[in-house]
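S.K.:
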Amino acid sequence: MTERVVLAYSGGLDTSVAIGWIAEETGAEVVAVAIDCGQGGEDLEVVRQRALDCGAVEAVVADAKEEFAGEYCVPALQANALYMDRYPLVSALSRPLIVKHLAEAARYHNATMVSHGCTGKGNDQVRFEAGLAALFPELKVVAPVRDSGMTRDKAIAFAEEKGLPIDVSKKSPYSIDQNLFGRAVETGFLEDIWNGPTEDVYAYTDNPAEPRDPDELVVTFTAGVPTAIDGKELSPLQVIEEMNRRAGAQGVGRIDMVEDRLVGIKSREVYEAPGAIALITAHQELEAVTVERDLARFKRGVDQRWGELVYDGLWFSPLKQALDGFIAQANQHVTGDIRMVLHGGRAVVTGRRSDASLYDYDLATYDTGDTYDQSMARGFIDVWSMPAKIANLRDRRQS
Numbered sequence: 012m013t014e015r016v017v018l019a020y021s022g023g024l025d026t027s028v029a030i031g032w033i034a035e036e037t038g039a040e041v042v043a044v045a046i047d048c049g050q051g052g053e054d055l056e057v058v059r060q061r062a063l064d065c066g067a068v069e070a071v072v073a074d075a076k077e078e079f080a081g082e083y084c085v086p087a088l089q090a091n092a093l094y095m096d097r098y099p100l101v102s103a104l105s106r107p108l109i110v111k112h113l114a115e116a117a118r119y120h121n122a123t124m125v126s127h128g129c130t131g132k133g134n135d136q137v138r139f140e141a142g143l144a145a146l147f148p149e150l151k152v153v154a155p156v157r158d159s160g161m162t163r164d165k166a167i168a169f170a171e172e173k174g175l176p177i178d179v180s181k182k183s184p185y186s187i188d189q190n191l192f193g194r195a196v197e198t199g200f201l202e203d204i205w206n207g208p209t210e211d212v213y214a215y216t217d218n219p220a221e222p223r224d225p226d227e228l229v230v231t232f233t234a235g236v237p238t239a240i241d242g243k244e245l246s247p248l249q250v251i252e253e254m255n256r257r258a259g260a261q262g263v264g265r266i267d268m269v270e271d272r273l274v275g276i277k278s279r280e281v282y283e284a285p286g287a288i289a290l291i292t293a294h295q296e297l298e299a300v301t302v303e304r305d306l307a308r309f310k311r312g313v314d315q316r317w318g319e320l321v322y323d324g325l326w327f328s329p330l331k332q333a334l335d336g337f338i339a340q341a342n343q344h345v346t347g348d349i350r351m352v353l354h355g356g357r358a359v360v361t362g363r364r365s366d367a368s369l370y371d372y373d374l375a376t377y378d379t380g381d382t383y384d385q386s387m388a389r390g391f392i393d394v395w396s397m398p399a400k401i402a403n404l405r406d407r408r409q410s
């Protein structure tokens with residue numbers, strides 16, 4: 012019986028060529044799997060047909076935008092997930108979703124191998140293979156670009172030789188990955204970290220320096236999940252799409268950073284994540300109102316670790332799954348409204364309200380009606396500072 016390979020298929024040059032390349036190198040049949048995570052571009056049926064025209068025996072396509080928004084982007088919002096305090100895990104979030112669909116397709120089509128188009132320099136090879144190791148460890152991995160020397164010029168030559176239905180004439184100066192949660196741009200002149208990004212790098216955001224009127228809106232959360240904008244109930248997918256549109260029009264969410272890759276090298280990355288940055292900003296502020304102090308302090312460390320695990324390709328790890336439970340519990344009271352102004356590349360919170368608020372006006376006010384008994388402070392300070400006081404007295408005796 013002929014072996015089968017399940018290929019993570021994008022519809023582009025490299026993965027289209029990989030169909031024939033894998034067949035020649037391994038003798039296996041190729042099943043192409045394309046997942047729509049909100050990256051835009053070609054219709055899924057066009058992508059499916061191209062895979063078949065390039066030699067795939069089966070082509071599976073799936074519109075996974077709702078799944079991506081609800082099961083991957085929402086947990087990232089609840090975790091305020093920002094790798095290195097800046098990057099909202101745009102690419103890292105989509106990889107476990109793709110891995111899940113690859114594993115399901117491999118089981119359905121009785122495949123023994125899986126293939127991806129990642130290089131040996133990036134994080135995605137780890138994310139794909141670590142995820143597959145967790146979900147379907149029996150699968151072997153075929154990585155043509157990384158392991159078989161399938162460079163771009165060789166891919167173009169292969170496509171021309173085989174007459175594959177792919178346009179090989181257009182070459183962007185950048186490497187671009189995008190989905191519902193944002194857009195990642197690298198390579199080209201950006202590899203010189205002294206060069207500033209030019210406007211042609213951006214597609215999800217307008218120039219924040221251009222004059223325009225501010226955009227004020229209200230985002231509603233229910234247990235940490237965004238559920239409405241300006242009082243209109245929306246699905247998580249619709250919320251993210253709307254925030255991408257409105258925050259993007261104000262230039263919110265541009266990030267230019269030198270990033271520590273999992274594989275040990277530093278990489279210059281330019282990101283656009285208008286909806287993600289605006290929503291995380293809103294969620295953090297609502298947490299500040301509704302989450303108790305010690306829980307909030309501890310959660311910040313959990314959030315950081317959660318983001319690192321996802322970045323490092325460990326979405327399906329026991330630790331990440333355990334942290335999911337903590338984060339969900341910590342979000343149980345994160346319900347309410349955040350008013351924010353989008354303008355000049357910034358998302359600024361201007362108002363908060365929640366039935367679960369821990370903010371007590373009568374305790375906080377300095378005006379008449381203050382219910383805080385200030386006389387309690389002296390005794391509290393004495394007790395609080397006692398360990399440091401005793402230690403200092405000891406040190407003075409021994410000096």
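Using the working numbering, you'd call the opening residue of the sequence shown number 12 and step up by one each time. The beta carbon of each residue, even a glycine, is placed where N, CA and C say it ideally should be.
Report yes if the C-beta distance between leucine 297 and glycine 347 is below 8 Å; otherwise report no.
M.R.: Within the sequence shown, residue 297 is the residue found at index 286, counting from 1. Within the sequence shown, residue 347 is the residue found at index 336, counting from 1. Result yes, Cβ atoms of leucine 297 and glycine 347 sit closer than 8 Å.
S.K.: What runs of the beta strand (DSSP E), each 3 residues or longer, lie entirely inside the region 214 to 302?
M.R.: Listed in chain order, they are 226 to 233, 236 to 240, 265 to 271 and 277 to 283.
S.K.: Comparing C-alpha positions only, which one of Gln60, Ser27, Leu150 and Ala75 sits nearest to serine 46?
M.R.: Position 35 of the sequence shown, counting from 1, holds the residue named residue 46. Residue 46 is actually isoleucine in this sequence, not serine. It is Ala75 whose Cα lies nearest to the Cα of isoleucine 46.
S.K.: Could you tell me the alpha carbon to alpha carbon distance between glycine 131 and glycine 356, rounded to whole angstroms?
M.R.: As a first step, residue 131 must be located in the sequence shown, where it is residue number 120. As a first step, residue 356 must be located in the sequence shown, where it is residue number 345. If you take the alpha carbons of glycine 131 and glycine 356, they lie about 35 Å apart.
S.K.: Please report the distance separating the alpha-carbon of valine 229 from that of threonine 361.
M.R.: In the sequence shown, counting from the first residue as 1, residue 229 sits at position 218. In the sequence shown, counting from the first residue as 1, residue 361 sits at position 350. Straight-line Cα distance between these residues: approximately 10 Å.
S.K.: Are the beta-carbon atoms of isoleucine 251 and cysteine 129 separated by less than 8 Å?
M.R.: Reading the sequence shown from its first residue, position 240 is the one you call residue 251. Reading the sequence shown from its first residue, position 118 is the one you call residue 129. No; because the gap between Cβ atoms is not below 8 Å, this pair is not in contact.
S.K.: Would you kindly work out how many angstroms separate the C-alpha atoms of leucine 330 and proline 148, rounded to a whole number?
M.R.: Position 319 of the sequence shown, counted from the start, is the residue given in the question as residue 330. Position 137 of the sequence shown, counted from the start, is the residue given in the question as residue 148. Distance between the alpha carbons of leucine 330 and proline 148: 19 Å.
S.K.: Grab the span of the beta strand (DSSP E) containing alanine 358 for me, first residue to last.
M.R.: As a position in the sequence shown, residue 358 is number 347, starting the count at 1. First-last of the beta strand (DSSP E) with alanine 358: 357 to 364.
S.K.: Exposed or buried, proline 247, counting other C-beta atoms within 10 Å across all chains shown (16 or more means buried)?
M.R.: Numbered from its first residue, the sequence shown carries residue 247 at position 236. Buried, by the Cβ-count rule.
S.K.: Tell me glycine 31's beta-bridge partners as DSSP assigns them.
M.R.: Here the question's residue 31 lines up with position 20 in the sequence shown. Answer is none; glycine 31 lacks a bridge partner.
S.K.: If you draw a straight line from the C-alpha of glycine 133 to the C-alpha of alanine 214, how long is it?
M.R.: For the purposes of this step, residue 133 is identified with residue 122 of the sequence shown, where counting begins at 1. For the purposes of this step, residue 214 is identified with residue 203 of the sequence shown, where counting begins at 1. Distance between the alpha carbons of glycine 133 and alanine 214 is about 23 Å.
S.K.: Can you confirm whether the region 147 to 166 touches the region 48 to 56 when touching is taken to mean that 3 or more C-beta pairs between the two stretches lie within less than 8 Å?
M.R.: In short, these stretches do not touch, since the Cβ pair count stays below three.
S.K.: How is the alpha helix (DSSP H) around methionine 387 delimited, first residue to last?
M.R.: Translated into the one-based positions of the sequence shown, residue 387 becomes position 376. Start and end: 387 to 409.
S.K.: Please state if the CB of methionine 387 and the CB of aspartate 271 are separated by a distance shorter than 8 Å.
M.R.: Walking along the sequence shown from the start, residue 271 turns up at place 260. Walking along the sequence shown from the start, residue 387 turns up at place 376. No; because the gap between Cβ atoms is not below 8 Å, this pair is not in contact.
S.K.: Using 8 Å as the threshold, is the C-beta distance between valine 16 and alanine 39 below it?
M.R.: In the sequence shown, counting from the first residue as 1, residue 16 sits at position 5. In the sequence shown, counting from the first residue as 1, residue 39 sits at position 28. Yes; because the gap between Cβ atoms is below 8 Å, this pair is in contact.
S.K.: Could you have a look at glutamine 189 and say whether DSSP puts it in helix, strand or coil?
M.R.: Against the sequence shown, residue 189 aligns to sequence position 178. Glutamine 189 falls in the strand class under three-state DSSP.
S.K.: So, are the CB atoms of arginine 416 and serine 21 less than 8 Å apart?
M.R.: Past the boundaries of the shown model lies residue 416; the chain is included only from 12 to 410, so the question cannot be answered.
S.K.: Would you report the Cα separation of leucine 63 and tyrosine 119, rounded to the nearest angstrom?
M.R.: Along the sequence shown, read from residue 1 onward, the residue named residue 63 stands at position 52. Along the sequence shown, read from residue 1 onward, the residue named residue 119 stands at position 108. So the alpha carbons of these two residues sit roughly 18 Å apart.
S.K.: Let me know the beta strand (DSSP E) ranges lying completely inside the region 139 to 178, each 3 residues or longer, listed in chain order.
M.R.: Counting only runs of 3 or more, we get 151 to 153.
S.K.: Go to arginine 304, then tell me how far its alpha helix (DSSP H) extends in each direction, as first and last residue.
M.R.: Within the sequence shown, numbered from 1, the residue matching residue 304 stands at position 293. It spans 304 to 322 - the alpha helix (DSSP H) in which arginine 304 sits, taken as one unbroken run.
S.K.: Of the residues Leu100, Gly318 and Gln385, which one's Cα is nearest the Cα of glutamine 332?
M.R.: Within the sequence shown, numbered from 1, the residue matching residue 332 stands at position 321. Nearest option by C-alpha distance: Gly318.
S.K.: Got a sec, what are the start and stop residues for the beta strand (DSSP E) glycine 336 sits in?
M.R.: Working through the sequence shown from its first residue, we reach residue 336 at position 325. Glycine 336 -> not in any beta strand (DSSP E); alpha helix (DSSP H) instead, spanning 329 to 341.
S.K.: Which stretch, first to last residue, makes up the beta strand (DSSP E) that contains isoleucine 109?
M.R.: Locating residue 109 in the sequence shown gives position 98, where the first residue counts as 1. Looking at the DSSP string, isoleucine 109 is not in any beta strand (DSSP E); the run it does join, the alpha helix (DSSP H), is 101 to 119.
S.K.: Using the rule of at least 16 other Cβ atoms within 10 Å of the residue's Cβ for burial, across every protein chain shown, is valine 57 buried or exposed?
M.R.: Taking the first residue of the sequence shown as 1, we reach residue 57 at position 46. Valine 57 should be labelled exposed.
S.K.: Less than 8 Å between the C-beta atoms of valine 68 and leucine 113, yes or no?
M.R.: In the sequence shown, residue 68 corresponds to position 57, counting from 1. In the sequence shown, residue 113 corresponds to position 102, counting from 1. Cβ atoms of valine 68 and leucine 113: not closer than 8 Å.
S.K.: Measuring CB atoms only, is the region 257 to 272 touching the region 218 to 229, in the sense that at least three cross pairs come out at less than 8 Å?
M.R.: The region 257 to 272 vs the region 218 to 229: in contact.
S.K.: By a C-beta neighbour count over all protein chains shown, 10 Å radius and 16 as the cutoff for buried, is proline 99 buried or exposed?
M.R.: Walking along the sequence shown from the start, residue 99 turns up at place 88. Flag for proline 99 reads buried.
S.K.: What did DSSP end up calling arginine 59 once you bin it into helix, strand or coil?
M.R.: The count along the sequence shown starts at 1 and reaches residue 59 at position 48. Looking at arginine 59 - three-state DSSP - the assignment turns out to be helix.
S.K.: If we call anything under 8 Å between Cβ atoms a contact, is glutamate 279 one with leucine 353?
M.R.: For the purposes of this step, residue 279 is taken as the residue at position 268 of the sequence shown. For the purposes of this step, residue 353 is taken as the residue at position 342 of the sequence shown. This sequence places arginine at residue 279; glutamate is not what is there. Cβ atoms of arginine 279 and leucine 353: not closer than 8 Å.
S.K.: Cβ of threonine 301 within 7 Å of any heavy atom in the ligand COA?
M.R.: Looking for the ligand COA in the displayed structure turns up nothing, as the structure carries no ligands at all.
S.K.: Please classify tyrosine 94: does DSSP put it in a helix, a strand, or coil?
M.R.: Counting from 1 along the sequence shown, the entry for residue 94 is found at position 83. If DSSP states are grouped into helix, strand and coil, tyrosine 94 belongs with the strands.
S.K.: Would you mind giving the Cβ-Cβ distance between valine 101 and arginine 194, rounded to the nearest angstrom? I have them listed as a contact below 8 Å.
M.R.: Against the sequence shown, residue 101 aligns to sequence position 90. Against the sequence shown, residue 194 aligns to sequence position 183. So it is a contact: roughly 7 Å between Cβ atoms.
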